[in-house]
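These notes concern the structure reproduced below.
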Amino acid sequence: MATPISRYRPSPRAYPERLPPIEYGDADAVVRVGLNGEVRFASQRFKVSSALANLPIALRACPPTDGCYDVYFLHHRIDTVNLKDRVRRR
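With our numbering applied, the sequence shown covers -6 to 83.
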C-alpha cells in the first residue's frame, strides 16, 4: 500500500511572490476598508467586515434605486447599502 509521501507531487504552477493588485472597473467607486472594517463613502460611514481591512472594495450603483449601492470585493457581491434610508439588504 502506498503512503501519502510516496504519492506527493509538487504543483506545476508557480506561486507568485506578490499577488497582483486588485483592480475594478472605471465605473466603480473604489474605497479602502479601514482597520475596523468601516468604509467612508459619500459622507456616510458603514461597516462591511474587518477581514477586508486595508483592502479596496468597489461600490456599484443599483440602477433602479437612487442612493443604493452594491458592495463588491473582487467579483463577489458582499452587501447592498442604501445611503438614503441607511437600510442594509444582504
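By construction, the Cβ of each residue, glycine as well, lies at the ideal position given by its N, Cα and C atoms.
Computed from a predicted model, the values in this text were never measured in an experiment.
Query, Result
"Cβ shell of Val74 (< 7 Å), same chain only, five flanking positions each side left out", "Phe39, Tyr62, Val64 and Arg81"
"Beta-carbon contacts of Gln37 that lie in its chain and below 7 Å, excluding the five residues immediately before and after", "Leu76"
"Meets three-Cβ-pair contact criterion under 8 Å: the region 17 to 32 and the region 42 to 49", "yes"
"His68 to Ser4 span [Cα, whole Å]", "26 Å"
"Given Ala35 as reference, the closest of Val41, Gly60 and Cys55 once Cα atoms are compared", "Gly60"
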